[in-house]
Amino acid sequence: DAKTTQPPSMDCAEGRAANLPCNHSTISGNEYVYWYRQIHSQGPQYIIHGLKNNETNEMASLIITEDRKSSTLILPHATLRDTAVYYCIVRDNSNSGYALNFGKGTSLLVTP
Amino acid sequence: GAVVSQHPSRVICKSGTSVKIECRSLDFQATTMFWYRQFPKQSLMLMATSNEGSKATYEQGVEKDKFLINHASLTLSTLTVTSAHPEDSSFYICSALLRVLNTEAFFGQGTRLTVV
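Chains E and D, in that order, are what the protein sequence lines are. Quick note: the first sequence, position 77, residue 77 per my numbering, numbers continuous. When you read off a place in the second sequence, starting at 1, and then add 112, the result is the number in my numbering.
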């Protein structure tokens with residue numbers, strides 16, 4: 001079972017920031033928070049990951065609460081091409097055999 | 113980022129035949145690869161973990177004799193769907209971890225299998 005909870009769907013206007021929440025209240029100390037997205041009929045695309053510090057890259061920012069029980073993925077200026085299903089996943093990186101277990105994700109619709 | 117190539121991207125086969133799907137890591141060596149299956153409007157479901165040079169580990173409910181996995185080299189894993197039936201029609205996706213830095217998993221573009 002996935003260890004994260006996400007809203008099933010969200011809308012965002014083009015050009016505005018998209019803030020996607022994720023709850024992971026049972027996260028353990030070794031587990032990282034990963035975000036992937038899947039555009040229709042394609043393989044998942046890596047976005048960002050973090051352990052406890054906030055992270056930023058060219059795609060997005062990841063804000064992790066101090067207690068690590070929740071996080072928010074921020075797409076600063078959403079475009080129509082950002083319409084996709086976004087998955088928040090926790091994974092223990094200490095063992096390469098641990099797969100990413102996908103939950104149901106959040107279906108983000110970016111509208112003109 | 114690293115590239116994982118999956119082939120074919122789409123295949124149609126007749127019931128009772130077998131289909132092989134290839135997953136290649138193009139610019140890195142992958143000791144571990146994963147195979148997922150995704151039905152329409154559902155999330156990805158892990159089928160098996162494939163380790164180079166050893167037998168794959170299958171998730172509960174996945175028939176190892178039906179879904180044959182071979183990971184003979186550090187850059188190639190194959191999934192063979194044997195004696196395919198219409199209920200095996202699905203989107204199959206592979207994923208690979210970098211050999212040294214296992215902190216990111218890279219995914220292939222997926223294979224749409226239709227069994228008629």
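The beta-carbon is built from N, C-alpha and C at its ideal position, and this holds for glycine as well.
The shortest C-alpha to C-alpha distance from Gln6/E to any of Thr111/E, Gly105/E, Ile63/E is the one to Gly105/E. A check of alpha carbon separations from Arg37/E across Ala99/E, Tyr86/E, Phe102/E, Thr111/E identifies Tyr86/E as the nearest. Arg224/D carries a strand assignment under DSSP once its states are collapsed to helix, strand and coil. Checking the DSSP bridge columns, you'll see Gln38/E partnered with Val85/E. For Gln42/E, the chain D residues whose Cβ falls inside 8 Å of its Cβ are Gln221, Gly222, in order along the chain.
Proximity of His49/E to chain D, defined by a Cβ-Cβ separation below 8 Å, is satisfied. With contacts defined as CB atoms closer than 8 Å, Cys135/D and Ser189/D qualify as a contacting pair. Assigned with DSSP and collapsed to three states, Asp200/D falls in helix. For Leu51/E, the secondary structure class from DSSP, reduced to helix, strand or coil, is coil. About 5 Å separates the beta carbons of Cys12/E and Val110/E, which is inside the 8 Å limit, making them a contact pair.
Interface criterion not met: the Cβ of Ala18/E is under 8 Å from no Cβ in chain D. The segment 20-33 of chain E and the segment 68-86 of chain E touch, with no fewer than 3 CB-CB distances between them shorter than 8 Å. Residue-level contact by beta carbon holds for Lys104/E and chain D, with a gap shorter than 8 Å. With a contact defined as Cβ atoms closer than 8 Å, Phe203/D and Leu191/D miss out at about 12 Å. In its chain, beyond the 5 residues on either side, Phe146, Ser207, Ala208, Leu209 have a beta carbon closer than 8 Å to the beta carbon of Ala217/D. Rounded to the nearest whole angstrom, the C-alpha separation of Phe102/E and Lys3/E is 9 Å. The C-beta of Phe179/D comes no closer than 8 Å to any C-beta of chain E. The three-state secondary structure of Leu186/D, taken from DSSP, is coil.
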